[in-house]
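**Q**
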Amino acid sequence: MTYGKKVELVVIELSKTDAPLNILVVGLGLIGGSFAASLRDCGENFHLMGFDLRDEYIEEAVSLGIVSEGCDDFESAVSKADVIQISVPMLAMPKVLGQLKGLDLNGKVITDVGSCKGSLVKAAQDIFGQVPENLVPGHPIAGSEKSGVTAAKSGLFKSHKVILTPLENTDPSALSLIRYLWQCCGAQVNAMDVQRHDEVLAMTSHLPHLLAFSLVDTLAGNPENQDIFRYAAGGFRDFTRIAGSDPVMWHDIALGNSDAILASLDQFSEGLVHLRQAIVEKDSKSLLATFERARTARQHFASMLERRAYMATLNENQGDSVTFVAQPGGTLKGELRVPGDKSISHRSIMLGALAEGETIIDGFLEGEDSLATLQAFRDMGVDIEGPHDGRVVIHGVGMQGLKPPVGPLYLGNAGTAMRLMAGLMSAQRFDVTLTGDQSLSSRPMDRVVNPLVEMGAEIETAAGGRPPLKIKGGKSLKGIDYEMPMASAQVQSCLLLAGMYAEGETSATAPGVVRDHTNRMLTGFGYPLKVDNARVSIQGGGQLSSTAIDVPGDISSAAFFIVAATIASGSDLLLTHVGINPTRTGVISILQLMGADITLLNEREVGGELVADIRVRSAILKGIDIPLKLVPLAIDEFPVLFIAAACAEGTTTLRGAAELRVKESDRIQSMVDGLVALGIDAEALVDGMVIRGGRPFCAGTVDSHGDHRIAMAFVIASLRSQGEVRILDCAHVATSFPNFVRLASRAGLTLSTEGIQA
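For any residue, its number in my numbering is found by taking its place in the sequence shown, counting from 1, and adding 4.
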């Protein structure tokens, strides 16, 4: 199949040609009409034609300016078209395909907008003998209760998803052209397998619509229907709104995707039976567990779908829309408590789920990363209450009690969760896939995969050792004595967690100091391990016992305010209940070497972790060569330490921190770029940075590259800036520090946001 010159220019160059691209919309209803109207207004050189069996629709489309040319002869219209979009009801698709079969389709691209892709593909196979390579099945996830060409709306698809379901033989240039046209409509274009599309849409779209139709139909037949509808609350109106959709379209969808819809109905019916039984038996625990799982799953799914995690994106810009706007100056006074420690929050969920009995966690970090871990264990059958104001109650299932999840475990942006869970999941009886958002999917996992494979695990990764991680269940692990090539708490923790299930002893020896949260927490849960200097070992076959955990404030979060109070003149700030685990206090040691005024008060031990209140007063800093021994103790805090270095008199040099290159972003280059943009003399090294400080930041705009710590670091820089600092792509701040904007504003910074906070 060859495609016309005009089409190739659009596909390859996406440039205008002297002659327009001719687009024929077959079926001038809401979707077809909105597609034409959106292309009309996008500014590209398209000639829009419309065909419909209803003459009045053609006339209305022309009179409304939706199409430039109305066509009453199908064969003639097709002969002039470069692109043919089929926008007819599902059961009418085979008839249109049959008419197309007898026509010359050379140089033309065909697509559709149907909600069921399997029935379209089967019809194409039956009619053409095989699915034509110039046919690109598509489905826009947008609509309205209104129907017909008069309901057509330019912009209907703006910021909505369109799913394309190409087959193995689909021509790449045809796919590129259809993707381009939908992007011209403002849509977010994604790709999905045909069968998976129909299964997912059956659950997320078709089932809710059919339930809404059934509920309204049932209540309308009730003798008291007037009172029922008169006193219906907002929830009823919101849910049943979709019952106002086109009945013909949903009739066709119900028949066209019947297998997947019936499977979804059966699954839903089982859930209803379980819920009914719990009400009959007044089973309070079961009811609360159901409602709690549903509430948190709804929040988790909303976050996950914001990141478009389930679908492969087709060359789409996925940048988040949140911008921080920080005004210059400010002084920090008073008392603050920062959110709970993320590292401890992750581990408390994992070990609490595997323990025998009830584990109660207070101070749990309600950020996206920690909540993703919590949801993953819910997906594996663990009953978890909360979080409610930082309290989580976990009903542990024991070492062998996890159940297979129904799909991949989505971990958002949580690299810690993925690396630690790789160890746990390698020892389970069932297969599991660990996946994450775009940022996490770009980060290497070989550092944990390689030693796990050495233990006997079977793990498949994407190119370059990156997620998703497909872990084969039922493998017998054997303990190893592993010499770690780098000092990494995530690698050591991963091997210790896998070692709980392995035959014999598993040990990990680090070349430097690593965080010991896992060691302390395993001890707290009653699982013995040995620590011999840099070597930590664990014997397989043990058990975990439930406990109570009070999560201290995260020193990584506190670091932003420690630096802020240090560089802002006249500041005197008290940060309460902050974890000061000796493997995490590098940021304090480095700042004190630079001259910071930091005092630890009320030091104590809580649940095996050292905790203190931290008083910080403003001070004049000086540049230093950061000691190599402190680098692993402050690896996550370097973005904000670079801000402190920029404010210090003299030169600060960091070496031995190559790990910063493979965090959520390349933190070395990203920070250098941002510092230079704000007028600071900064130079990137292969494994660190040189910063010549002592001058104020100028006003400017920096890109955080979706890295939460970089975004927050440049907010702190505004305290010593000469003008407004704008930080782009800040939605990921919620992963580690929920309510950062509110807390920063309360502390004394002048910070606002533009866009929608994730």
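Heads up, the beta-carbon is just placed ideally off N, CA and C, and yes, glycines get one too.
Model, not experiment: these values are computed from the prediction.
(1) When the distance is taken between beta carbons, is Ile246 closer than 8 angstroms to Ala216?
(2) To which residues does DSSP link Asp629 through a beta bridge?
(3) Is DSSP giving Lys474 helix, strand or coil here?
(4) Please go through the same chain and pick out, in chain order, the residues whose beta-carbon is closer than 7 angstroms to the beta-carbon of Asp202, but skip the five residues on each side of it.
(5) Can you check the segment 495 to 565 for any alpha helix (DSSP H) of at least 4 residues that lies completely inside it and give the ranges in chain order?
(6) With a Cβ-Cβ cutoff of 8 angstroms, do Asp373 and Leu413 count as a contact?
(7) What did DSSP end up calling Asp441 once you bin it into helix, strand or coil?
(8) From this set, Ala127, Gln134, Val113, Lys126, which residue's C-alpha is nearest Ser177's C-alpha?
(9) Have a look at Met315 and Met196 and give me their C-alpha separation to the nearest angstrom.
(10) Determine the burial state of Arg750: buried for a count of at least 16 other Cβ atoms within 10 Å of its Cβ, exposed for fewer.
(11) Which parts of the segment 649 to 717 are runs of the alpha helix (DSSP H), unbroken and 4 residues or longer, counting only runs that do not cross its ends?
(12) Between the beta-carbon of Leu28 and the beta-carbon of Val87, is there less than 8 angstroms?
(13) At 4 residues or longer, and completely inside the segment 332 to 375: list those alpha helix (DSSP H) runs for me, N to C.
(14) Which residues in the same chain as Thr657 place their Cβ atom closer than 6 angstroms to its Cβ, once the five residues preceding and following it in sequence are excluded?
(15) How would you call Met425, buried or exposed, if buried means at least 16 neighbouring beta carbons within 10 angstroms?
(16) Would the beta-carbon of Met488 fall within 8 angstroms of that of Ala466?
(17) Since Pro144 sits in a beta bridge, which residues does DSSP pair it with?
(18) Under the rule that 16 or more other beta-carbon atoms within 10 Å means buried, what is Met490, buried or exposed?
(19) Assign Asp130 to buried or exposed, taking buried as 16 or more other Cβ atoms, counted over all protein chains shown, within 10 Å of its Cβ.
(20) Could you compute how far the alpha carbon of Thr510 sits from the alpha carbon of Gln596?
(21) Nearest-angstrom Cα distance between Ala1 and Arg665?
(22) Should the segment 100 to 107 be called in touch with the segment 141 to 154, which here means at least 3 C-beta pairs below 8 angstroms?
(23) DSSP three-state label for Pro448, please.
(24) Cβ of Gln673 within 8 angstroms of Cβ of Phe701?
(25) Between the segment 390 to 397 and the segment 424 to 440, are three or more C-beta pairs nearer than 8 angstroms?
(26) Decide if Val763 is buried, meaning its Cβ has at least 16 other Cβ atoms within 10 Å, or exposed.
(27) In angstroms with no decimal places, state the Cα-to-Cα distance between Thr208 and Leu214.
(28) Excluding the 5 residues preceding and the 5 following Asp520 in the sequence, name in chain order all residues of the same chain whose CB lies nearer than 6 angstroms to its CB.
(29) Would the beta-carbon of Ile714 fall within 8 angstroms of that of Ser756?
(30) Please state the DSSP three-state secondary structure of Met94.
(31) Rounded C-beta distance between Ile618 and Leu604? I'm assuming under 8 angstroms.
(32) Closer than 6 angstroms by C-beta to Ser550: which residues in its own chain qualify, once you throw out the five before and the five after it? Chain order, please.
(33) Where does Ser722 sit, in a helix, a strand or coil, going by DSSP?
(34) Alpha carbon to alpha carbon, what distance is there between Leu269 and Gly468?
(35) What residues match up with Gln404 in a beta bridge as DSSP calls it?
(36) Would Gln271 be called buried (16 or more neighbouring beta carbons within 10 Å of its own) or exposed?
**A** To lay it out plainly:
(1) yes
(2) Thr657
(3) Look at Lys474 here: in three-state DSSP terms it is strand.
(4) Cys120, Lys121, Gly122, Asn261, Ala264
(5) 521 to 528
(6) no
(7) coil
(8) Val113
(9) For Met315, the pLDDT reaches just 30, beneath the cut-off of 50, and the residue's location in the model is therefore unreliable, leaving the point undetermined.
(10) Classification of Arg750: exposed, given that the 10 Å Cβ count is below 16.
(11) 671 to 681
(12) yes
(13) Annotation note: the segment 332 to 375 contains the following uninterrupted alpha helix (DSSP H) runs of length 4 or greater, listed N- to C-terminal: 346 to 358.
(14) Asp629, Val694
(15) buried
(16) The criterion of a C-beta distance shorter than 8 angstroms is not satisfied by Met488 and Ala466.
(17) Val166
(18) exposed
(19) exposed
(20) 38 angstroms
(21) Outside the shown range of the chain, which is 5 to 762, sits residue 1, and nothing can be said about it.
(22) no
(23) coil
(24) no
(25) no
(26) Absent from the structure is residue 763, since the part of the chain shown begins at 5 and ends at 762.
(27) Straight-line Cα distance between these residues: approximately 11 angstroms.
(28) Thr587
(29) Cβ distance not < 8 angstroms, so Ile714 and Ser756 don't count as in contact.
(30) It is helical.
(31) 6 angstroms
(32) Ala359, Gly361, Glu362, Thr363, Gly400
(33) helix
(34) Cα-Cα distance, rounded: 40 angstroms.
(35) Paired residue(s): none; Gln404 is not in a bridge.
(36) exposed
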